[in-house]
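Q: This is the structure I have questions about; it appears just below.
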Amino acid sequence: MGKPMQKLLIATNNKGKVEEIQDLLKDINVELMTPNDIGLKLDVKEDGNTYAENAEKKAVAFARASRLISLADDSGLEVDALDGAPGLYSNRYLSKPNATDAERRAFLLANLRNKPRPWNAVFHATIAIAIPGNASVQFASGECKGEIIPEERGTGGFGYDPIFFIPEMNRNMAELSMEEKNRLSHRARAVMNAKTILKEVFGL
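As structure tokens, this is what we get:
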């Protein structure tokens, strides 16, 4: 009998992120696990000062709780006209409990209403990979440049995707297929950069 396939925990409870990361890592010869697969309920407070700090906190907490090598990401949307906001607080931009993605988008557009266009923006993602019992965490990052537009378009993706326009594609992020998004999104670029690390960690 061959040895069992090694496992990697995708350390997030965000369904959209899980689907994207699973698709991006489908060609890596490891078994991709989710917290749901192993019955792990963990809510990590994202109070770091950088994307890397937040990603590290999540990766380390999930690795410690699961005893599995864990990959976590922290990402955000930075809008030039808002001095880089919402940035680190993209998922908590609206200080309302259980705010929906649509409510956060509406709040962002309301804050941009009187600002001159184009509303240039960049999506940023940093990935952290933590190994149980190993204090050393490894990082990879990626970015995708575009602009915010005032009308929502597309039904794919999540978060701010429906109002994030990518000039090179002449479409919004939410109008891209999973295959297209996973070629040029910030998270796609971060995961691609993380693959080298994962291959070393798993000895592939």
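Under this note's numbering, the first residue of the sequence shown carries the number 1104, and numbering increases by one thereafter.
No residue lacks a Cβ here, since even glycine has one placed at the ideal position from N, Cα and C.
Can you tell me where the alpha helix (DSSP H) holding V1182 begins and where it ends?
A: That residue, V1182, is in no alpha helix (DSSP H); its beta strand (DSSP E) goes 1172-1182.
Q: Let me check one thing: in DSSP terms, what residues is G1245 bridge-paired to?
A: A1228
Q: With distance defined between alpha-carbon atoms, name the residue in A1297, E1303, L1191, G1179 nearest to D1309.
A: Residue numbering for the chain in the displayed model covers 1104 to 1307; residue 1309 lies beyond these limits and cannot be assessed.
Q: DSSP beta-bridge partners for A1274?
A: Per the sequence shown, residue 1274 should be read as Arg rather than Ala. DSSP, once it has assigned bridges, lists I1269 as partnering R1274.
Q: For the putative contact between E1280 and H1227, defined by C-beta atoms under 8 Å, what is the C-beta separation to the nearest angstrom?
A: Residue 1280 is actually Ser in this sequence, not Glu. In fact, because the Cβ distance is near 22 Å, the residues do not count as touching under 8 Å.
Q: Can you tell which of D1130, A1205, I1252, S1288 has its C-alpha closest to the C-alpha of G1245?
A: Nearest option by C-alpha distance: S1288.
Q: Could you give the first and the last residue of the continuous beta strand (DSSP E) run that contains E1134?
A: 1134-1136
Q: Let me confirm a value: R1195 is counted as buried when at least 16 other C-beta atoms fall within 10 Å, else exposed. Which label applies?
A: Burial call: exposed.
Q: Given this structure, state the Cα-to-Cα distance separating A1213 from C1247, to the nearest angstrom.
A: If I take the Cα positions, the gap works out to 23 Å.
Q: Hey, how far is the Cα of P1265 from the Cα of A1277?
A: 5 Å
Q: Could you give the residue range of the alpha helix (DSSP H) that holds K1160?
A: 1154-1169
Q: Leaving out five residues before and five after V1225 in sequence, what residues of the same chain have Cβ atoms less than 6 Å from its Cβ?
A: Answer for V1225: E1181, E1246, K1248, listed in chain order.
Q: Go ahead and pull the three-state DSSP assignment for E1129.
A: It is worth fixing the name first, because residue 1129 is Lys in this sequence and not Glu. Coil, per DSSP.
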